[in-house]
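Trainee: Right, I'll just put the structure down here and ask away after.
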Amino acid sequence: MAAAATGFDVPRFRDWLAEATGEAADVSVTPIRGGGSCEMFRVDRLGRAWVVRRAPLATVSDTAHQVIREARIMETLGTAGIAVPTVLARSDDPTILGAPFFVMSYVDGGVIRRDGLPEALLADPSSHGLIGEQLIDTLIALHSVDWTGTALAELSHPQGFLPRQVDRWLAQLAGYRARELDGVDELAGWLRANLPADGDLTVMHGDYKLDNVIWAPAPPPRIACVVDFEMTTVGDPLIDLAWAMIFWPEEGNPIALGSPDVPHGMDRAHCQTPDQLIQRYAEATGRDLSRFDWYQVFSAWKLAIVLEASYAKFLRGESRNPIHEFFGPVIDELLSRARRFAQ
Numbered sequence: 001m002a003a004a005a006t007g008f009d010v011p012r013f014r015d016w017l018a019e020a021t022g023e024a025a026d027v028s029v030t031p032i033r034g035g036g037s038c039e040m041f042r043v044d045r046l047g048r049a050w051v052v053r054r055a056p057l058a059t060v061s062d063t064a065h066q067v068i069r070e071a072r073i074m075e076t077l078g079t080a081g082i083a084v085p086t087v088l089a090r091s092d093d094p095t096i097l098g099a100p101f102f103v104m105s106y107v108d109g110g111v112i113r114r115d116g117l118p119e120a121l122l123a124d125p126s127s128h129g130l131i132g133e134q135l136i137d138t139l140i141a142l143h144s145v146d147w148t149g150t151a152l153a154e155l156s157h158p159q160g161f162l163p164r165q166v167d168r169w170l171a172q173l174a175g176y177r178a179r180e181l182d183g184v185d186e187l188a189g190w191l192r193a194n195l196p197a198d199g200d201l202t203v204m205h206g207d208y209k210l211d212n213v214i215w216a217p218a219p220p221p222r223i224a225c226v227v228d229f230e231m232t233t234v235g236d237p238l239i240d241l242a243w244a245m246i247f248w249p250e251e252g253n254p255i256a257l258g259s260p261d262v263p264h265g266m267d268r269a270h271c272q273t274p275d276q277l278i279q280r281y282a283e284a285t286g287r288d289l290s291r292f293d294w295y296q297v298f299s300a301w302k303l304a305i306v307l308e309a310s311y312a313k314f315l316r317g318e319s320r321n322p323i324h325e326f327f328g329p330v331i332d333e334l335l336s337r338a339r340r341f342a343q
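With UniProt numbering applied, the sequence shown corresponds to residues 1 to 343, in that order.
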């Protein structure tokens with residue numbers, strides 16, 4: 001039994017997992033880089049690999065790190081046939097690992113990043129059109145889940161979802177705003193004045209994009225599972241679609257994932273435009289996208305606000321992370337992009 005993870009009580013966890021599963025066994029634990037705002041650890045046990053996702057040990061926002069909520073949502077989606085990691089066990093007892101956590105299956109595969117595709121997807125450039133198709137078709141499946149009578153109905157507040165979004169994100173910005181952001185208040189006014197009538201209410205991932213899906217370890221491109229359900233709720237599905245497209249490769253997009261402009265990016269001839277993928281979604285779902293400009297404005301505006309939190313830390317000298325410095329011009333470009341969508 002090896003413990004290479006700081007702050008992880010391996011014996012305590014081993015005993016808890018034995019009780020939870022009814023099977024005693026040694027475990028080895030190693031930290032995993034990534035995981036966003038939560039901590040991740042790989043657990044090897046009885047010849048299988050699992051992942052522990054633990055809430056941060058430091059004091060954090062109650063609404064952003066509810067890992068037990070996330071586990072319940074994954075259980076619901078897995079039952080509905082969505083490709084998600086299998087939740088083995090969960091606990092909100094802080095005496096075990098210091099914070100709530102859950103254990104899920106380890107899914108082998110790769111992730112598409114800003115610097116390109118995982119190696120397995122590079123072998124056949126002619127198959128890269130499947131990346132966009134898989135991204136959209138998986139989103140369509142997620143939006144088709146019947147959430148009524150499930151944990152999602154209990155954990156979400158769907159009524160009035162869209163009207164409260166602008167005030168919610170402005171309140172978030174107020175907590176760290178330290179500079180003038182060109183157009184952020186004017187765009188908030190535009191969003192309020194042009195709010196679409198209430199649309200469909202579906203499962204909404206909340207952070208759906210190319211690097212929140214794991215791709216199967218062998219070609220052709222296939223999504224092995226969707227991950228990161230911290231922000232998942234019942235809401236307007238078109239927010240998910242617009243959010244995914246903010247990160248899709250397009251000329252002049254500094255945050256594109258897997259762009260043909262990077263050495264290991266998608267093949268340019270087989271990388272769809274955002275409009276082509278949006279059309280694929282519209283044709284498959286039959287949803288009215290005549291007001292999709294609002295969702296595009298909102299998504300670019302919201303992402304600028306989200307990134308400003310990290311850039312504000314850099315400006316205050318609280319972060320030396322170069323990516324946080326990089327966010328400064330990205331935020332300006334996102335607000336400019338939002339203004340173009342609003343025209």
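Quick reminder that beta carbons are idealized off the backbone N, C-alpha and C, glycines included. Computed from a predicted model, the values in this text were never measured in an experiment.
1) Is the CB-CB distance between residue 307 and residue 281 below 7 Å?
2) With three or more beta-carbon pairs closer than 8 Å as the criterion, would you say the segment 254 to 265 touches the segment 152 to 159?
3) So who's on the other strand from residue 30, going by DSSP bridges?
4) Which residues does DSSP list as the beta-bridge partners of residue 104?
5) Using a Cβ-Cβ cut-off of 6 Å (strictly less than) and excluding sequence neighbours within five positions of residue 125, which residues of its own chain qualify?
6) Does DSSP classify residue 204 as helix, strand or coil?
7) Could you tell me the boundaries of the alpha helix (DSSP H) in which residue 190 lies?
8) Closer than 8 Å by C-beta to residue 177: which residues in its own chain qualify, once you throw out the five before and the five after it? Chain order, please.
9) Please report the straight-line C-alpha distance between residue 24 and residue 15, rounded to a whole angstrom.
10) Hey, how far is the Cα of residue 103 from the Cα of residue 303?
11) Note down, one range per segment and in chain order, each beta strand (DSSP E) of at least 3 residues found wholly within the segment 197 to 261.
12) Nearest-angstrom Cα distance between residue 137 and residue 119?
13) With C-beta atoms as the reference, is residue 49 less than 7 Å away from residue 106?
14) Could you check the C-alpha separation between residue 343 and residue 18 for me, to the nearest Å?
15) How would you call residue 53, buried or exposed, if buried means at least 16 neighbouring beta carbons within 10 angstroms?
16) Under DSSP, the alpha helix (DSSP H) around residue 69 begins and ends at which residues?
Mentor: The short version:
1) no
2) Between the segment 254 to 265 and the segment 152 to 159, the count of C-beta pairs closer than 8 Å stays below three; the two stretches do not touch.
3) 42
4) 51 and 87
5) 267
6) strand
7) Counted as a single uninterrupted DSSP element, the alpha helix (DSSP H) harbouring residue 190 occupies residues 184 to 193.
8) 308 and 312
9) 7 Å
10) 30 Å
11) 202 to 204, 213 to 215, 223 to 226 and 233 to 235
12) 23 Å
13) yes
14) 59 Å
15) buried
16) 67 to 79
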